[in-house]
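Here numbering that gives the first Met the number 0 is used: the first residue of the sequence shown is 0, the next is one more, and so on.
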Amino acid sequence: MKVSVSHQEGMKFEAKTAKSSFIIDCPVISPVEYFLSGVIACSATDLILIPKNQGKTVTNLVVDGDAERAEDHPRKITKLHLTYSFNSDADDVTAARWVMASLETYCSTINTIRDTTEISYSITHNGNLIRENEKMISGGGSKIDMGEIESCPS
């Protein structure tokens with residue numbers, strides 16, 4: 000994948016990809032906001048495609064993101080909470096599995112930041128809150144002590 004960014008004027012830049020181009024107009028929308036929008040859009044596309052592949056339909060999908068950044072430079076995103084709200088013709092367990100499939104497996108942008116960012120999520124499905132402030136098992140903010148694990152000799 001290749002992307003080229005060229006300066007236009009002032010704080011405007013044109014980003015070109017193999018498929019399209021768009022203007023990044025700082026400070027109207029900062030590069031970090033574009034980045035966060037891309038992270039969220041990646042997961043949102045999964046929430047449309049995964050159900051479709053299972054013969055199901057998602058409607059009224061909204062994914063909100065709330066990010067916290069470090070105070071010191073390079074001001075990395077340290078925490079990200081995603082709130083999924085959607086309707087579907089599936090049960091709540093299946094809907095939650097779609098979100099987890101996106102977060103844990105399919106969304107490449109979330110999986111790019113998950114080792115340095117504490118990620119949590121909430122899900123409202125068909126008007127009912129089915130998950131609230133759940134944390135991903137992996138991620139920079141989640142350390143799990145599994146104790147000693149016996150392994151086979153190499």
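Even for Gly, the Cβ is constructed at its ideal location relative to N, Cα and C.
The region 38-56 and the region 80-99 touch, with no fewer than 3 CB-CB distances between them shorter than 8 Å. Leaving aside the five residues that flank residue 3 on each side, the residues in its chain whose CB is nearer than 7 Å to its CB run, in chain order, 15. Relative to the Cα of residue 30, the nearest Cα in the group 76, 42, 18 belongs to 76. Residues 84 of the same chain have their beta carbon placed closer than 6 Å to that of residue 61, with the five preceding and five following residues left out of the count. Distance from the CA of residue 81 to the CA of residue 123, rounded to the nearest whole angstrom, comes to 11 Å. Residue 92 counts as exposed, since fewer than 16 other C-beta atoms from the protein chains shown sit within 10 angstroms of its C-beta.
The beta-carbon distance between residue 46 and residue 66, rounded to whole angstroms, is 19 Å. This is too long to meet the 8 Å contact definition. Here residue 103 carries a helix assignment [DSSP, helix/strand/coil]. Between the beta-carbon of residue 130 and that of residue 95 there is about 6 Å, and that keeps the pair under the 8 Å contact cut. Every unbroken stretch of the beta strand (DSSP E) spanning 3 or more residues and falling wholly within the region 16-43 is given here in chain order: 20-24.
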